[in-house]
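Each remark here refers to the structure printed beneath this line.
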Amino acid sequence: MKRRYILRALSAVLFVSLLLLVSCSKSKKEPNEHAAEQPEKKRIEVTEEALKKSGIQIEVAGPAVLKKTLKLNGKITPNEEHMVHVSPRFPGIVKSIAKRLGGVVKTGEALAVIESNESLQPYEVKSEIDGTIIKRDIALGEFVDTSKTIFIVADLSNVWVDFSVYRHESENLRVGQKVLIQPNESADKIESTISYISPFGLENTQTTLAR
């Protein structure tokens with residue numbers, strides 16, 4: 008009797024276990040009727056012509072360098088490497104002046120005539136380069152010495168543009184970087200490169216010179 012009772016009990020336990028397993032397996036396979044419906048994915052197609060008109064560019068995703076634009080005010084100055092200071096070869100009296108301030112001259116062209124105190128003979132003071140007279144410090148009848156600069160001639164086809172840059176912004180500048188220069192609002196932009204960055208700040212300011 009005991010043996011039969013134990014067998015019946017074991018059969019009941021097994022039957023219950025089987026029912027539980029079957030019930031669990033069925034519940035996993037049945038779809039959840041209350042699950043949230045997945046939204047339908049939408050796709051937008053754009054023609055090549057529309058892309059061109061909108062200015063949209065397509066690139067492959069990956070590492071890249073971000074571009075930062077820095078707007079600065081600058082000052083155009085003569086390039087000192089393309090400029091000459093003209094002084095008399097001999098001291099003497101100024102007899103004539105051939106060129107005015109702002110005048111355009113050629114190499115070897117006479118700027119003035121001075122009578123030498125040593126030889127009492129007049130000689131011409133000539134320009135050493137093609138350029139424009141940006142300074143004139145001479146007058147008729149004046150005595151001039153060899154140490155005095157009477158003309159400065161500069162080649163204005165090659166000039167410097169000096170920028171004052173705040174020190175925290177100068178950390179982003181490098182020699183050789185490209186810059187766009189616009190002389191005025193109506194002028195076209197001119198592309199150039201940075202050739203010099205001062206290692207020192209400008210006097211009485213918190214800025215650095217970039218050229």
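Quick note on numbering: the sequence shown equals residues 8 to 218 in our numbering.
Quick reminder that beta carbons are idealized off the backbone N, C-alpha and C, glycines included.
For residue 119, which beta-bridge partners are listed by DSSP? 104 and 132.
Mind listing, in chain order, the continuous beta strand (DSSP E) runs of no fewer than 3 residues lying wholly within the stretch 149-201? Qualifying beta strand (DSSP E) stretches, in chain order: 158-161, 166-173, 185-188 and 197-200.
Under the three-state DSSP convention, the category residue 68 falls into: Judged by DSSP in its simplified three-state form, residue 68 adopts coil rather than helix or strand.
Taking the DSSP output, what are the residues bridged to residue 212? DSSP lists no partner for residue 212.
Residue 65 classed as buried or exposed, judged by whether at least 16 other C-beta atoms fall within 10 angstroms: exposed
CB contact flag (residue 51, residue 85, <8 Å): No, the pair does not count as a contact, with Cβ atoms beyond the cut-off.
May I have the straight-line CA-CA distance separating residue 104 from residue 110, to the nearest angstrom? 12 Å
By Cβ distance below 6 Å, which residues in the same chain neighbour residue 177 in space, the five residues on each side in sequence not counted? 215
Secondary structure of residue 57, DSSP reduced to three states: helix
My understanding is that residue 189 touches residue 201, with C-beta atoms under 8 Å, so please give their C-beta distance in whole angstroms. Wrong, their Cβ atoms sit about 16 Å apart, outside the cutoff.
Grab me the residues of residue 174's own chain with a C-beta within less than 8 Å of its C-beta, minus the 5 sequence neighbours each way, in chain order. Sequence-distant partners of residue 174 (beyond 5 residues in either direction) whose C-beta falls short of 8 Å from its own C-beta, in its chain, are 208, 213, 214 and 215.
Thinking residue 169 and residue 82 are a contact (beta carbons under 8 Å), I'd like their distance in whole angstroms, please. 5 Å
Cβ neighbour criterion (16 or more within 10 Å) applied to residue 193: Exposed: under 16 other Cβ atoms inside 10 Å.
Taking the alpha-carbon positions, what's the residue 102 to residue 163 distance? 29 Å
State the CB to CB distance for the pair residue 157 and residue 98, rounded to an integer number of angstroms; the pair is presumed to be in contact (CB under 8 Å). No, residue 157 and residue 98 are not in contact; Cβ-Cβ is about 12 Å, not under 8 Å.
Express the C-alpha separation of residue 125 and residue 134 in angstroms, rounding to a whole number. Near 23 Å, if we compare the C-alpha coordinates of residue 125 and residue 134.
Let me confirm a value: residue 32 is counted as buried when at least 16 other C-beta atoms fall within 10 Å, else exposed. Which label applies? Confidence in residue 32 is poor, its pLDDT being 46 and thus under 50, which makes the residue's placement unreliable; the coordinate value appears in the next sentence. That one is exposed.
Residues near residue 137 by beta carbon distance below 6 Å, same chain, minus five either side: 113 and 114.
Among the residues of its own chain, which have a CB less than 7 Å from the CB of residue 180, if the five just before and after it don't count? 172, 201, 204 and 217
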